[in-house]
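K.L.:
One structure is given below, represented as structure tokens, and several questions about it will come after.
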Amino acid sequence: MVIEIAGTGRAIPPERISNQDLAEQIDTSDEWIRSHTGIEARHIAPPHVSTSDLAVEAAWESLKFAVARAEVEEPGPEELARTLDLIVVGSTTQDYYGCPSTACLVQHRLGAQKAAAMDITAACSSFIYCLETAAALILADRRRKRALVIGAETLSRVANWNDRGTCVLFGDGAGAVLLEKRDYPEENSGGAGPGRSRGLLRTILGADGSGWEHLIIRRGGSREPWKSGETVDIPPHVEMNGHAVYNFAVKVITETMAQLMEEESLAIQDIARIVPHQANARIIQAAGKRLKIPEEKFYLNMGEYANTSAASIPIALDELNRSGQVQKGDLIITVGFGGGLTYGGNLIRW
Ligand code: ACO
């Protein structure tokens with residue numbers, strides 16, 4: 011049994027805010043943002059659009075894609091949605107605080123009545139965590155066959171628009187992939203993990219909770235709840251120790267890519283594309299330099315979307331897929347890091 015990606019989709023809010031637009035509001039410049047991050051613009055959801063709205067749009071796109079490419083037998087996306095066994099949403103900006111999960115809202119809107127639904131929060135590593143979790147859950151029971159994995163964020167809602175050190179980094183968006191369990195008789199069967207030659211081949215997941223404070227939305231949880239009568243000057247927002255996150259990111263993405271290639275006996279020539287979390291081009295360049303990976307192996311789109319956290323990798327996968335830049339049989343590495351601190355990577359045969 012293998013777990014393959016049968017469809018991809020994305021949702022990008024139309025409103026585009028360039029660095030220049032930001033420079034008219036806060037003390038920053040296009041030159042600073044570009045040179046320090048590689049970011050040129052970000053897309054921001056309008057006030058009436060929430061994370062689940064973007065997630066649902068990306069989900070429908072992925073289902074339509076699978077139907078259009080005849081990856082599934084169902085005649086339309088609605089029929090396909092009804093067959094889903096599982097919906098997993100990765101997000102740091104869920105519609106509601108803790109309950110209900112955003113995945114339940116998505117399940118309802120898709121009409122995916124038989125799907126179990128849950129959210130996973132691993133900040134910007136969420137999609138990598140979600141992919142492995144969903145794959146393992148559909149492999150765990152012979153009656154389960156299909157899962158929808160979505161990374162969706164409205165980070166503009168938790169950005170502190172007065173803090174130039176963080177607000178310039180983030181954007182909104184969603185990406186989705188349809189996972190399908192398939193049985194190829196010639197494949198090595200068995201549990202999840204190495205030994206497979208198609209689909210999701212291998213995942214590395216990790217965390218270093220000692221860095222919990224380096225990227226944090228401090229207020230509103232059980233540790234520092236809002237108190238009745240309290241005046242709120244700034245809504246819940248991201249605080250970040252940029253240097254600590256930067257150093258952690260370069261270290262863990264270097265190690266994760268090296269480990270994936272080493273343990274699977276792969277050389278960089280074997281990998282068609284590396285799809286990193288789109289936080290900062292300098293982080294990716296530094297890691298690439300350490301491993302002597304040519305820059306063109308990395309797919310970068312943070313120039314247009316900035317850091318969309320859990321959504322950044324599935325948005326990039328969808329762009330690659332729809333533009334034909336990945337072909338069936340290509341080996342892809344995803345790699346990412348985020349608050350927690352967390353990190354991980356997937357090795358996928360497309
Ligand atoms: N515009 C202009 N100047 C700025 C801006 C800005 N937007 N932001 C900071 N500066 C200034 C600082 O005030 C500082 O000025 P000073 O020297 O007069 O004090 C100067 O620029 C240098 O600031 P640094 O923080 O040292 O800049 P650095 O080169 O480290 O870049 C950055 C900062 C881009 C945030 C970097 O540390 C970084 O990318 N870190 C990783 C962040 C990241 O990836 N976060 C996402 C994690 S994923 C998740 O889970 C959401």
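Numbering (the numbering used here), first residue to last: 11 to 360.
Yeah, the Cβ is synthetic: ideal placement off N, Cα and C, and Gly gets one too.
(1) Just confirm the distance between the C-beta atoms of residue 159 and residue 144, as a whole number of angstroms; I'd bet it's less than 8 Å.
(2) Report the three-state DSSP secondary structure of residue 323 (helix, strand or coil).
(3) Provide the residue span of the beta strand (DSSP E) that contains residue 356, from first to last.
(4) Distance, Cα to Cα, residue 15 vs residue 217?
(5) Just verifying my parser: in three-state terms, what is the DSSP assignment at residue 28?
(6) What does DSSP give as the partner residues of residue 212 in its beta bridges?
(7) Under a three-way DSSP split, which group does residue 74 fall into?
(8) Would you say residue 187 reaches chain D, if we count a Cβ-Cβ gap shorter than 7 Å as a contact?
(9) Give the DSSP bridge partners of residue 20, in chain order.
(10) Is residue 46 a contact residue of the ligand ACO, with contact defined as CB to any heavy atom under 6 Å?
(11) Would you identify the three-state DSSP class for residue 341, choosing helix, strand or coil?
(12) With H, G and I counted as helix, E and B as strand and the rest as coil, what does DSSP make of residue 164?
(13) Using only CA atoms, which one of 55, 279, 352 and 43 lies nearest to residue 164?
(14) Entirely within the stretch 81-133 and at least 3 residues each: give me those beta strand (DSSP E) ranges in chain order.
(15) Go ahead and label residue 329 buried or exposed: buried means 16 or more other beta carbons lie within 10 angstroms of its beta carbon, across all protein chains shown.
(16) Given this structure, state the Cα-to-Cα distance separating residue 301 from residue 292, to the nearest angstrom.
(17) Using 10 angstroms around the beta-carbon of residue 355, count the other beta-carbons present and answer buried if the total reaches 16, otherwise exposed.
(18) Please determine whether the Cβ atom of residue 42 lies at a distance below 6 Å from any heavy atom of the ligand ACO.
(19) Whose C-alpha, out of 186, 189 and 170, is nearest the C-alpha of residue 180?
(20) Would you tell me roughly how many angstroms separate the C-alpha atoms of residue 86 and residue 120, rounded to the nearest one?
(21) Could you tell me whether any non-hydrogen atom of the ligand ACO is closer than 6 Å to the CB of residue 38?
(22) Nearest to residue 303 by CA position, among 275, 264, 39 and 332, is which residue?
(23) For the stretch 128-140 and the stretch 318-335, state whether three or more C-beta atom pairs, one from each stretch, are separated by less than 8 Å.
P.N.:
In this structure, then:
(1) As a working note, residue 159 is residue 149 in the sequence shown. As a working note, residue 144 is residue 134 in the sequence shown. In this structure, residue 159 and residue 144 form a Cβ contact; the two beta carbons are roughly 5 Å apart against a cut-off of 8 Å.
(2) For the purposes of this step, residue 323 is identified with residue 313 of the sequence shown, where counting begins at 1. Three-state result, residue 323: helix.
(3) Looking up residue 356 in the sequence shown gives position 346. Counting along the chain, the beta strand (DSSP E) containing residue 356 begins and ends at 352-359.
(4) Working through the sequence shown from its first residue, we reach residue 15 at position 5. Working through the sequence shown from its first residue, we reach residue 217 at position 207. One Cα belongs to residue 15, the other to residue 217, and the distance between them is close to 26 Å.
(5) Residue numbering aside, residue 28 sits at position 18 when the sequence shown is read from its first letter. Residue state, collapsed to three classes: strand.
(6) To locate residue 212, count along the sequence shown from 1; it is residue 202. Looking at the DSSP assignment, residue 212 forms a beta bridge with 357.
(7) Your numbering for residue 74 matches position 64 in the sequence shown. The answer is helix: DSSP assigns residue 74 an H, G or I state.
(8) No chain D is present in this structure, which holds just one protein chain.
(9) The residue given as residue 20 occupies position 10 in the sequence shown. DSSP output for residue 20 lists 185 as bridge partner(s).
(10) For the purposes of this step, residue 46 is identified with residue 36 of the sequence shown, where counting begins at 1. Of the heavy atoms belonging to the ligand ACO, at least one sits nearer than 6 Å to the Cβ of residue 46.
(11) Residue numbering aside, residue 341 sits at position 331 when the sequence shown is read from its first letter. In the structure shown, residue 341 sits in a strand (DSSP, three-state: E or B).
(12) As a first step, residue 164 is located in the sequence shown; it is residue number 154 there, counting from the start. DSSP places residue 164 in strand when its eight states are reduced to three.
(13) By one-based count along the sequence shown, residue 164 stands at place 154. Ranking 55, 279, 352 and 43 by Cα distance to residue 164 puts 55 first.
(14) Unbroken beta strand (DSSP E) stretches of 3 residues or longer found wholly inside the stretch 81-133: 96-100 and 126-130, given in chain order.
(15) In the sequence shown, the residue the question calls residue 329 occupies position 319. The residue is buried, with at least 16 neighbouring Cβ atoms inside 10 Å.
(16) The sequence position of residue 301 within the sequence shown is 291, counting from 1. The sequence position of residue 292 within the sequence shown is 282, counting from 1. Each residue's alpha carbon lies about 14 Å from the other.
(17) As a working mapping, residue 355 is identified with position 345 in the sequence shown. Around the C-beta of residue 355, 16 or more other C-beta atoms lie within 10 Å, and the residue is accordingly described as buried.
(18) For the purposes of this step, residue 42 is taken as the residue at position 32 of the sequence shown. At least one heavy atom of the ligand ACO sits closer than 6 Å to the Cβ of residue 42.
(19) Here residue 180 corresponds to residue number 170 of the sequence shown, with the count starting at 1. Check the Cα spacing between residue 180 and each of 186, 189 and 170: the tightest is with 170.
(20) Translated into the one-based positions of the sequence shown, residue 86 becomes position 76. Translated into the one-based positions of the sequence shown, residue 120 becomes position 110. Residue 86 and residue 120 have their C-alpha atoms spaced approximately 12 Å apart.
(21) Here residue 38 refers to the residue found at position 28 of the sequence shown. At least one heavy atom of the ligand ACO is nearer than 6 Å to the Cβ of residue 38, so yes.
(22) Numbered from 1 along the sequence shown, position 293 holds the residue referred to as residue 303. The shortest C-alpha separation from residue 303 is found at 264.
(23) Output reads yes: the stretch 318-335 touches the stretch 128-140.
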